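Below is one structure, written out as structure tokens; the observations come after it.
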Amino acid sequence: MSREEDEKLLFPSFAFPAECFPEAATSGGEQKKARQRRRRKVKPEAAAALAGESGGDEQAKKRRLSDEQARFLEMSFKKERKLETPRKVQLAAELGLDAKQVAVWFQNRRARHKSKLMEEEFAKLRSAHDAVVLQNCHLETELLKLKERLADVEEEKAKLAAVAAATTGGGGGGGGGSSSPTSSSFSTVTYHPVLAGQFGVEAAAEEADLTYMSEYAYNSYMLELAAAGYCGGVYDQFS
DNA sequence: TTGTGTTTTATTGCCTCC
DNA sequence: GGAGGCAATAAAACACAA
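Residue 168 in full-length UniProt numbering sits at position 168 of the first sequence, and the numbers go up by one each step.
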């Protein structure tokens, strides 16, 4: 079974939790709330059975499956995530278990599998988020530098205009104007490869003749920023 | 040994589908 | 309406540090 099939099976209608969108609370959210409100009550007979009080038969107690049984079930789970009733009964007979136990085992196993996939998904989203934060910080830093540079140029321009006015006796003069930025003072905008791929900015960046940093260069750059005290916290991972 | 955290097995209540 | 699935949860079993 492919991972995509797997996820389709396990997340038939995956959505971000309703609390992410409080303004769009729906009846689905209500259902979830209702579920969370619920407090399970263990029926007395079930509690007694678990405690071994009803006749004291060992079968009623919670028993761990043997390694062999668990291994067999695990192999079956790898082949098929859900069991048809006949297969369930057959499996139970082969393992000397109750069909209900096999069903429960599969149910719990699916839940474990799902939560593992969720963790992986979360980790991916988090790293993408971190990358966006870093990129944003980088761009803000770049913007700051450009603003400083612009201010310098404007100042230079004003000075030149004043000098021109003094020497020509007050004429207009438009000297010194064509300020094409020197390549050394303007650093190029860089895109982290992960970001570029993820958000489709690659083509646009190429078109604009922007250069790319290697992973190493990028990390070094982030270290520099961290050392300079930019965007505190975000760079902890680099230092 | 014991307190505590984690994993596993089982139950309950709700939902969907046939 | 019954079967089966899922989420939430309880509780036993287990692991492990102090």
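Here a beta-carbon is modelled for each residue, glycine too, at the ideal position from N, C-alpha and C. The structure presented is a predicted model; accordingly, all values stated were derived computationally and were not measured.
- If you compare the alpha carbons of 98, 102, 114 with that of residue 75, the shortest gap goes to 102.
- Distance between residue 149 and residue 143, taken at the CA atoms: about 10 Å.
- Judged by DSSP secondary structure, residue 150 falls within the alpha helix (DSSP H) whose first and last residues are 99 to 167.
- Taking a 10 Å sphere around the C-beta of residue 129, we find fewer than 16 other C-beta atoms and assign the residue as exposed.
- Pairing residue 106 with residue 77 gives a Cβ-Cβ distance under 9 Å.
- With respect to the 9 Å criterion, residue 88 and residue 99 are classified as neighbours on the basis of their beta carbons.
- Secondary structure note for residue 66: it is in no alpha helix (DSSP H), with a DSSP letter that is neither H nor E.
- In the structure shown, residue 94 adopts helical secondary structure according to DSSP, grouped into three states.
- Within 10 angstroms of the beta-carbon of residue 134 lie 16 or more other beta-carbons, which makes it buried.
- For the pair residue 81 and residue 110, the CB atoms are nearer than the 9 Å cut-off.
- For residue 87, the three-state secondary structure derived from DSSP is helix.
- Between residue 91 and residue 83, the gap from beta carbon to beta carbon is short of 9 Å.
- Put simply, the backbone Cα of residue 156 is about 37 Å away from that of residue 131.
- The three-state reading of DSSP puts residue 80 in coil, since its state is none of H, G, I, E or B.
- Taking a 10 Å sphere around the C-beta of residue 97, we find 16 or more other C-beta atoms and assign the residue as buried.
- Rounded to whole angstroms, the gap between the alpha carbons of residue 118 and residue 127 is 14 Å.
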